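Residue 245 is where the sequence shown starts when you use our numbering, and the numbers rise one by one after that.
Don't be surprised by glycine CBs; every beta carbon is placed ideally from N, CA and C.
All figures in this text were calculated on a predicted structure; none of them were measured in a lab.
Following: one structure in structure tokens, then a few remarks.
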Amino acid sequence: MKINQQLFAILGSFFLVVATVYTIWTRATEWIGITALFALAAMQFMIAYYLRLVEKEYKTGVDDMDDGEIAEYAGTYGRFAPWSWWPLGLGSAAAIVVLGVAIDWWIFIIGIGAGLFFVTGWVFEFSRGQHKH
245 MKINQQLFAI
255 LGSFFLVVAT
265 VYTIWTRATE
275 WIGITALFAL
285 AAMQFMIAYY
295 LRLVEKEYKT
305 GVDDMDDGEI
315 AEYAGTYGRF
325 APWSWWPLGL
335 GSAAAIVVLG
345 VAIDWWIFII
355 GIGAGLFFVT
365 GWVFEFSRGQ
375 HKH
């Protein structure tokens, strides 16, 4: 985890420098590329931060040890919702949102409402029912 975390932090720093140089080079006239590069840097930093949080929970991994073997990777990688239908509904809601952008605004609003419903259900999945903690 630690090596992956450092890798994404370095990539985030690299893309931040590239975005800054690109902004200066284009005199801030090309908004799409500037936004995309800064968003790319932000995503790299978010992944590095997530890996830092996961490292605190799972401690030293096999990839951090010099004598680690591939077979030692077997085991639990995280907590996953068993038999969850919420991601399927969220994907359908995202498809409705894209359809709404292409066709008309009222379909877009229906997709946003469905998306909020499915995101809420997925977030609170472990708070009620059979898999309650």
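Spanning the alpha carbons of G335 and F362 requires a straight line of approximately 9 Å.
Excluding its 5 nearest sequence neighbours in each direction, V345 has C-beta neighbours in its own chain below 8 Å: F352, listed in chain order. The straight-line gap separating the alpha-carbon atoms of V262 and A315 is approximately 39 Å. The C-beta distance from Q249 to E299 rounds to 7 Å, short enough to meet the 8 Å contact threshold. Annotated three-state conformation of F368 is coil, per DSSP. In the structure shown, T270 adopts coil according to DSSP, grouped into three states.
As the crow flies, the alpha-carbon of L332 is around 10 Å from that of W366. Contact between G256 and A292 holds, with the beta-carbon distance rounding to 6 Å and staying under 8 Å. Of the other Cβ atoms in all chains shown, 16 or more fall within 10 Å of the Cβ of L295; this residue is therefore buried. DSSP, reduced to helix, strand and coil, places G312 outside both helices and strands of the structure shown, so it counts as coil.
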